[in-house]
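Participant: Residue numbers (the numbering used here): 171 to 392.
Built from N, CA and C at the ideal position, the CB exists for glycine as well.
Quick one: structure below, then a few questions.
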Ligand SMILES: *Cc1c(COP(=O)(O)O)cnc(C)c1O
């Protein structure tokens, strides 16, 4: 068994019931991504539209595609064609564009709202205290369905350092869920990467996004 296959099977076997694995595939070759899919990965997460288009030629609909990067306004039309979910909506402007392009394409796009749980000025995502307001705005768009929250949290050396950010995001998730906002279905909480996924699951994540632990270290600078 090659390394990617072995890694995917090991992670899938250890995953808690009800937790979905997104394989984060940025900078991976299409043949590596295909191997992961053949080993059982059902959802691929891409940060870059151009990369996704290339890999899509090999993988197509054998997996679901989640957009997990920063979506540029001029890429929304293509993104809407290719992706099954956008995990990184963080403004009503980007939501409005997704809505418009989905209406033209006759689609409804499930989205997660990205929360900047570390309150880092340079990072994307909406601040935890602004999340409810954004969700109420996005809920008005007919061709978008809000289905939960996603967060990265600050890059941490010690996985335990991620816990407070996951807890804060989970608290926001539960609070907004309890509001029963019409058109909003709070069912996914996407948090945790290679370094932190066990803690994320502890704190309620039901989508984890893993790259290096499946595919090996990324080439420097990627
Ligand atoms: C790269 C990336 C991941 C996976 O990171 P690893 O540390 O390699 O597991 C998860 N989520 C997002 C948004 C990413 O960009």
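1. When we look at the beta-carbon of residue 341 and count the other beta-carbons within 10 Å, is it buried (16 or more) or exposed?
2. Helix, strand or coil for residue 175, going by three-state DSSP, please let me know.
3. Where do the N-terminal and C-terminal ends of the alpha helix (DSSP H) with residue 304 fall, by residue?
4. Could you work out which residue in 280, 369 and 310 is closest to residue 326 when comparing CA atoms only?
5. Using a Cβ-based criterion (distance less than 7 Å to any ligand heavy atom), does residue 382 qualify as near ligand 1?
6. Would the region 309-320 count as touching the region 345-363 if we require 3 or more Cβ pairs under 8 Å?
7. Under 8 Å, do residue 207 and residue 237 count as touching if we go by C-beta distance?
8. Around the Cβ of residue 182, are there at least 16 other Cβ atoms within 10 angstroms (buried) or fewer (exposed)?
9. Does the distance from the C-beta atom of residue 290 to that of residue 324 stay below 8 Å?
10. Closer than 7 Å by C-beta to residue 205: which residues in its own chain qualify, once you throw out the five before and the five after it? Chain order, please.
11. Of the residues 367, 387 and 383, which one's Cα is nearest the Cα of residue 186?
12. On the three-state DSSP scale, how would you describe residue 252?
Facilitator: Let me lay it out:
1. exposed
2. Residue 175: helix per DSSP, three-state reduction.
3. 301-308
4. 369
5. yes
6. yes
7. Against a cut-off of 8 Å, the Cβ pair of residue 237 and residue 207 comes out as no contact.
8. exposed
9. In this structure, residue 324 lies closer than 8 Å to residue 290 by Cβ.
10. 172, 174 and 175
11. 367
12. helix
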